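Read the structure below first, then the notes.
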Amino acid sequence: MGEKINSYIFITTEGHTFQPNTDAIEPDIENCQVIGFADGLNPTQAFENLLRDNSYLKRTTFNELICYELKNNYRKNSVYFFISTVNACQK
């Protein structure tokens, strides 16, 4: 039996994000940003595949990426939450 291909997500803590519908000049949120997804036998191979399949990443100013392995069924088990639907009384 061959080695198992795993799915990985690559994120970075570099950069900032703006809230939707904001006119602020400064970034509102300091957070993690998803850089991409890739498959591989291990994180190193997935990173190489990420760069091969998304060569534009080499032209960005992002440098440090964090890699997490995803469960095989992560696409099927997504759960969405909406802050706007939380009851205001639950503060």
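Under my numbering, the first residue of the sequence shown is numbered 5, with each subsequent residue one higher.
For every residue, glycine included, the Cβ atom is placed at its ideal position computed from N, Cα and C.
As the structure is a computational prediction, the values presented were derived from the model and not from experiment.
The alpha helix (DSSP H) that contains F3, what's its start and end?
A query on residue 3 cannot be resolved here, the shown segment of the chain reaching from 5 to 95 and no further.
Go ahead and pull the three-state DSSP assignment for T98.
Nothing about residue 98 can be read from this structure; the chain reaches only from 5 to 95.
State the start and end residues of the unbroken beta strand (DSSP E) segment that holds N35.
Taken as a continuous stretch (DSSP letters only), N35 belongs to no beta strand (DSSP E), as it is neither H nor E.
Leaving aside the five residues before and after T21 along the sequence, list all residues of the same chain whose C-beta is less than 6 Å from its C-beta, in chain order.
Only residues of its own chain outside the window of five on either side were considered, and among them I33, N35 have a CB closer than 6 Å to the CB of T21, listed in chain order.
Given F41 as reference, the closest of Q23, L69, G6, F85 once Cα atoms are compared:
Residue nearest to F41 within the set Q23, L69, G6, F85 is L69 (criterion: CA-CA distance).
Beta-carbon spacing of I13, Q37 below 8 Å:
The answer is no: Cβ separation not under 8 Å.
Determine, using beta carbons only, whether D43 and S88 come nearer to each other than 8 Å.
Cβ atoms of D43 and S88: not closer than 8 Å.
K8 versus K80: straight-line alpha-carbon distance, rounded:
Each residue's CA atom was taken as its position, placing K8 and K80 some 19 Å apart.
Mind checking whether N58 and E18 have CB atoms under 8 Å apart?
No; because the gap between Cβ atoms is not below 8 Å, this pair is not in contact.
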